[in-house]
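> Got a structure here, written out as structure tokens. Questions coming.
Protein chains: 2
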Amino acid sequence: MARAIAARADLLPALAETFREHGYEGASLSRISQATGLGKGSLYHFFPGGKAEMVEAVLAEIEAWFATHVFEPLREAGDPEAAIEAMFETVTDYFRSGRRVCLVGALSLSDARDRFAEDLRRYFALWVEALAGALSRAGHPEGTATARAEDIVGSIQGAVVLARALDRPETYDRIMLSLRARGRLSPSP
Amino acid sequence: MARAIAARADLLPALAETFREHGYEGASLSRISQATGLGKGSLYHFFPGGKAEMVEAVLAEIEAWFATHVFEPLREAGDPEAAIEAMFETVTDYFRSGRRVCLVGALSLSDARDRFAEDLRRYFALWVEALAGALSRAGHPEGTATARAEDIVGSIQGAVVLARALDRPETYDRIMLSLRARGRLSPSP
DNA sequence: TCAAGACTGGACCGATCGGTACAGAACATG
DNA sequence: CATGTTCTGTACCGATCGGTCCAGTCTTGA
């Protein structure tokens with residue numbers, strides 16, 4: 027009984043990688059079956075809603091992961107500046123310097139956006155909100171903290187796009203350094 | 027005879043929009059057929075290589091459009107600062123404040139990236155190069171002009187992602203304003 | 001005017017798509 | 001060990017996929 031829940035959760039990493047690599051349309055059931063080592067019967071046992079339910083489960087796990095490792099540290103840290111630095115470290119690691127696609131960003135650009143609109147929106151909204159709070163507590167002017175947070179989150183997404191297109195992970199790392207340096211130099215807009 | 031060339035070019039806008047809206051996998055031949063009003067026979071007459079050749083033709087036109095309207099103005103402008111301002115206007119218009127996806131960026135995040143790698147790489151490389159040149163002539167320190175250009179091009183791509191995910195075109199416009207303001211305030215890193 | 005070639009739509013192809021049905025294996029619980 | 005449930009692979013479904021083929025219709029230059 028408890029096995030079912032664990033097994034379902036165990037599938038999510040393989041599912042996530044498959045959707046990251048092939049997108050929603052490109053991740054066919056046969057590819058998913060191969061990636062997870064499970065037949066269709068098992069997949070539909072855990073996800074009766076098919077691919078749509080798989081994506082939703084993956085998005086939920088991604089959001090939970092970011093909540094634990096990114097959003098909450100930003101919100102609760104005693105030292106907000108250190109938390110922001112830690113955020114850069116964490117996401118650079120997570121996105122493997124742009125070698126790994128951000129599934130939420132990729133889906134946002136695809137035609138699957140409308141189907142999962144609320145999940146995609148919430149992920150970025152939570153990120154911007156948490157970061158804006160940390161910036162604010164780090165001394166950033168109240169009025170522009172949200173704007174600055176959007177700049178940063180957007181830049182991270184753009185860095186993934188650019189590094190992948192140029193096939194240069196260093197570009198991702200460099201953009202991260204530039205964002206961090208800017209935060210250190212000028213807490214004012 | 028001349029008709030053929032014209033007709034092929036006339037298809038590109040509809041093709042481009044179809045790939046933008048549905049991605050490479052999602053843009054099925056039946057959808058393409060519907061969007062262009064042409065049967066499969068005609069499509070394969072103009073693009074014997076099928077979907078792959080269609081995408082390549084679209085990418086070539088996009089690159090040509092950007093070369094004319096963005097890259098060359100950046101390179102040749104007498105007033106580089108004005109050219110950079112004009113670039114922001116042009117791309118904001120082109121991407122419809124993030125309502126319209128950047129096909130090159132979207133393909134870069136998809137599994138079609140490898141297939142069109144060189145086209146995707148060149149588009150961004152040319153953009154960064156042209157912008158870095160303009161920044162440099164506008165007084166930006168030589169050593170960091172390329173880095174700053176990558177920041178900007180990446181931020182534009184990220185703004186599209188973020189605005190679409192949040193479903194807030196204003197976010198795209200705001201990020202553009204922030205990028206432009208930053209250029210005006212500090213020509214130094 | 002008329003042949004040559006550009007162009008067209010749609011029937012058709014095998015492959016694969018997402019999804020269903022189901023019989024049996026593995027399993028936890030009594 | 002018996003029983004009921006969970007889990008599994010596979011055969012199968014209709015639909016659609018990308019792509020081919022071709023008979024026929026336009027268009028153009030001689």
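Residue numbers (my numbering), protein chains in the order written: chain A, 27 to 215; chain B, 27 to 215.
Heads up, the beta-carbon is just placed ideally off N, CA and C, and yes, glycines get one too.
Just so it is clear, the structure is predicted and the values come from calculations on it, not from any experiment.
On the DSSP letters alone, give me the boundaries of the alpha helix (DSSP H) that Pro99/B sits inside.
Against the second sequence, residue 99/B aligns to sequence position 73. That run of the alpha helix (DSSP H) goes Glu98 to Glu102.
> Ala151/A and Leu192/B look like a contact to me (Cβ under 8 Å); what is the Cβ gap, rounded to whole Å?
Here residue 151/A refers to the residue found at position 125 when the first sequence is read from its first residue. Here residue 192/B refers to the residue found at position 166 when the second sequence is read from its first residue. Taking the Cβ atoms as the reference, Ala151/A lies roughly 6 Å from Leu192/B, within the contact range of under 8 Å.
> How would you call Leu203/B, buried or exposed, if buried means at least 16 neighbouring beta carbons within 10 angstroms?
Locating residue 203/B in the second sequence gives position 177, counting from the first residue. With fewer than 16 Cβ atoms within 10 Å of its Cβ, Leu203/B is classed as exposed.
> Quick one, are the C-beta atoms of Arg34/B and Phe72/B less than 8 Å apart?
As a first step, residue 34/B is located in the second sequence; it is residue number 8 there, counting from the start. As a first step, residue 72/B is located in the second sequence; it is residue number 46 there, counting from the start. Their beta carbons are under 8 Å apart, which means Arg34/B touches Phe72/B by this criterion.
> Which of the three DSSP states, helix, strand or coil, is assigned to Ala53/A?
As a first step, residue 53/A must be located in the first sequence, where it is residue number 27. Residue state, collapsed to three classes: coil.
> Please state the DSSP three-state secondary structure of Arg125/A.
Counted from its first residue, the first sequence places residue 125/A at position 99. Coil, per DSSP.
> Would you mind reading off the limits of the alpha helix (DSSP H) that contains Arg163/A?
For the purposes of this step, residue 163/A is taken as residue 137 along the first sequence, with counting starting at 1. Taken as a continuous stretch (DSSP letters only), the alpha helix (DSSP H) holding Arg163/A covers Ala143 to Arg163.
> Going straight from the alpha carbon of Leu157/A to that of Phe121/B, what length do you get?
To locate residue 157/A, count along the first sequence from 1; it is residue 131. To locate residue 121/B, count along the second sequence from 1; it is residue 95. Their backbone Cα atoms lie some 26 Å apart in a straight line.
> Residues of chain B with a CB under 7 Å from the CB of Gly49/A: which are they?
Translated into positions along the first sequence, residue 49/A becomes position 23. Per Cβ cutoff of 7 Å: Gly49, Glu51, Ser136 and Asp137.
> Quick one: grab the DSSP three-state call for Pro215/A.
The residue given as residue 215/A occupies position 189 in the first sequence. Because Pro215/A sits at a pLDDT of 43, beneath the cut-off of 50, its placement in the model cannot be relied upon, and the following sentence gives the value as read from the coordinates. Pro215/A falls in the coil class under three-state DSSP.
> Over the uninterrupted alpha helix (DSSP H) stretch that includes Gly63/B, give me the two end residues.
Numbered from its first residue, the second sequence carries residue 63/B at position 37. First-last for Gly63/B: undefined, no H or E at that position.
> Mark Ala32/A as exposed unless 16 or more other C-beta atoms lie within 10 angstroms of its C-beta, in which case mark it buried.
The residue given as residue 32/A occupies position 6 in the first sequence. With fewer than 16 Cβ atoms within 10 Å of its Cβ, Ala32/A is classed as exposed.
> Output the distance between the C-alpha atoms of Glu196/B and Arg174/A, rounded to the nearest integer angstrom.
By 1-based counting over the second sequence, the position of residue 196/B is 170. By 1-based counting over the first sequence, the position of residue 174/A is 148. Glu196/B and Arg174/A: Cα-Cα distance of roughly 14 Å.
> Whole angstroms are fine: how far does the CA of Leu64/A sit from the CA of Arg148/A?
Translated into positions along the first sequence, residue 148/A becomes position 122. Translated into positions along the first sequence, residue 64/A becomes position 38. Using only the alpha carbons, I get a separation of about 31 Å.
> Decide yes or no for the touch test of the segment 51-58 of chain A against the segment 43-60 of chain B: beta carbon pairs closer than 8 Å, at least 3 of them.
yes
> Kindly say whether Val117/A, judged by its beta-carbon, lies nearer than 8 Å to any beta-carbon of chain B.
Position 91 of the first sequence, counted from the first residue, corresponds to residue 117/A. Chain B contact via Cβ: absent.
> When the distance is taken between beta carbons, is Leu129/A closer than 8 Å to Met113/A?
Numbered from 1 along the first sequence, position 87 holds the residue referred to as residue 113/A. Numbered from 1 along the first sequence, position 103 holds the residue referred to as residue 129/A. For Met113/A and Leu129/A, no; Cβs fall outside 8 Å.
> Is the number of C-beta pairs between the segment 181-188 of chain B and the segment 178-193 of chain A that are closer than 8 Å three or more?
yes
> Buried or exposed for Pro106/B, going by 16 or more other Cβ atoms inside 10 Å?
Here residue 106/B is taken as the residue at index 80 of the second sequence, counted from 1. Looking at its Cβ environment, which holds 16 or more other Cβ atoms inside 10 Å, Pro106/B is buried.
> Is any beta-carbon of chain A found at less than 8 Å from that of Asp177/B?
Walking along the second sequence from the start, residue 177/B turns up at place 151. Answer yes: the Cβ-Cβ gap between Asp177/B and chain A drops below 8 Å somewhere.
> Suppose you measure from the CA of Ser134/B to the CA of Leu146/B; what does that come to, to the nearest Å?
Position 108 of the second sequence, counted from the first residue, corresponds to residue 134/B. Position 120 of the second sequence, counted from the first residue, corresponds to residue 146/B. One C-alpha to the other measures close to 7 Å.
> Could you check whether the Cβ of Gln60/B sits closer than 8 Å to any Cβ belonging to chain A?
To locate residue 60/B, count along the second sequence from 1; it is residue 34. Answer no: the Cβ-Cβ gap between Gln60/B and chain A never drops below 8 Å.
> In the structure shown, what three-state DSSP assignment does Pro221/A receive?
The first residue shown for chain A is 27 and the last is 215, placing residue 221/A beyond what the model contains.
> Grouping DSSP H, G and I as helix and E and B as strand, with all else coil, what is Phe73/B?
For the purposes of this step, residue 73/B is taken as the residue at position 47 of the second sequence. Coil at Phe73/B, not helix or strand.
> What residues from chain B crowd round Phe150/A, counting only those whose CB sits closer than 9 Å?
Looking up residue 150/A in the first sequence gives position 124. Within chain B, the residues near Phe150/A are Val187, Leu188, Ala191 and Leu192.
> In the DSSP assignment, find the unbroken alpha helix (DSSP H) run with Ala108/B in it and report its ends.
Locating residue 108/B in the second sequence gives position 82, counting from the first residue. Here the alpha helix (DSSP H) through Ala108/B covers Pro106 to Tyr120.
> At the level of alpha carbons, what is the spacing between Glu82/B and Lys66/B?
Here residue 82/B corresponds to residue number 56 of the second sequence, with the count starting at 1. Here residue 66/B corresponds to residue number 40 of the second sequence, with the count starting at 1. Roughly 18 Å separates the two Cα atoms.
> Under 7 Å Cβ-Cβ, which residues of chain A neighbour Val127/B?
Position 101 of the second sequence, counted from the start, is the residue given in the question as residue 127/B. Simply Leu135.
> Using a Cβ cut-off of 7 Å, pull out every chain B residue sitting near Leu146/A, in sequence order please.
In the first sequence, the residue the question calls residue 146/A occupies position 120. In chain order: Ala191.
> Quick check: the Cα distance between Leu205/A and Ser68/A, rounded to an integer number of angstroms?
Working through the first sequence from its first residue, we reach residue 205/A at position 179. Working through the first sequence from its first residue, we reach residue 68/A at position 42. Approximately 45 Å, taken between the alpha carbons.
> Please determine, among Val96/A, Ala109/A, Ala103/A and Ala132/A, the residue with the shortest C-alpha to C-alpha distance to Ala42/A.
Taking the first sequence and counting its residues from 1, the one referred to as residue 42/A is at position 16. Ranking Val96/A, Ala109/A, Ala103/A and Ala132/A by Cα distance to Ala42/A puts Ala132/A first.
> Between Thr197/A and chain B, is there a C-beta pair that is closer than 8 Å?
Numbered from its first residue, the first sequence carries residue 197/A at position 171. The Cβ of Thr197/A sits closer than 8 Å to at least one Cβ of chain B.
> Starting from the beta carbon of Ser181/B, find every residue of chain A whose beta carbon is closer than 8 Å, and list them in chain order.
Taking the first residue of the second sequence as position 1, residue 181/B is located at position 155. By Cβ distance, chain A contributes Asp177, Gly180, Ser181 and Gly184.
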